[in-house]
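J.:
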Amino acid sequence: MQQPRVETDSIGAGEGPQRAVPWSAWVTRQDLVHWWTYHIPRSWTQWWITSGWRQPLQRMLWGLEGILYLLLALMLCHALFTTGSHLLSSLWPVVTVVWSHLLPAILLLVVSALPALLFIASFLLLFSMVLSLVGLLTSMAHPGHPQNVDQ
Numbered sequence: 001m002q003q004p005r006v007e008t009d010s011i012g013a014g015e016g017p018q019r020a021v022p023w024s025a026w027v028t029r030q031d032l033v034h035w036w037t038y039h040i041p042r043s044w045t046q047w048w049i050t051s052g053w054r055q056p057l058q059r060m061l062w063g064l065e066g067i068l069y070l071l072l073a074l075m076l077c078h079a080l081f082t083t084g085s086h087l088l089s090s091l092w093p094v095v096t097v098v099w100s101h102l103l104p105a106i107l108l109l110v111v112s113a114l115p116a117l118l119f120i121a122s123f124l125l126l127f128s129m130v131l132s133l134v135g136l137l138t139s140m141a142h143p144g145h146p147q148n149v150d151q
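Going by the UniProt record's numbering, the first residue of the sequence shown is number 1, and it counts up by one from there.
#1: Is Trp-53 helix, strand or coil when you go by DSSP?
#2: Kindly list the residues whose CB is nearer than 7 angstroms to the CB of Trp-44, restricted to its own chain and excluding five residues on each side of it in sequence; keep chain order.
#3: Can you tell me the Cα-Cα spacing of Thr-96 and Leu-102, whole angstroms?
See the structure below:
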């Protein structure tokens, strides 16, 4: 079995095997802040903190974001419109065939239902007339409720 190789410095003191650390781990650590404080001049950091450069940049980025959302909405509308128009153009022959078979069926249904509809209408008219007559007769038969029509 092979022993892992040990890194040694100039006097021979070994630190053991070093693991490879990705660069993203260095960025997320506090090392970036320490590097920033030691390598960037103070005047730059003061400019970064105090200058009003962020507000125009933020407005520009918001405008860019709005333009991108508008383009996204336009692309979505275009996709929906073209898909819908292709779908309708491919369904048009089906709709015409269905309509040519469905229209006679609807007309036949309406024509065949007319006698039943007329019978129901005449029955309801007769029934409401009978109820009105019964109401009139019962109101005339009660002597306790005289109604003076002349007043």
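Glycine included, C-beta positions come from ideal geometry on N, C-alpha and C. Just so it is clear, the structure is predicted and the values come from calculations on it, not from any experiment.
T.: Taking the coordinates as given:
#1: In the structure shown, Trp-53 falls within a coil segment according to DSSP collapsed to helix, strand and coil.
#2: Once the five neighbours on either side are set aside, Trp-44 has no close Cβ partner at all.
#3: So the two alpha carbons sit approximately 10 angstroms from each other.
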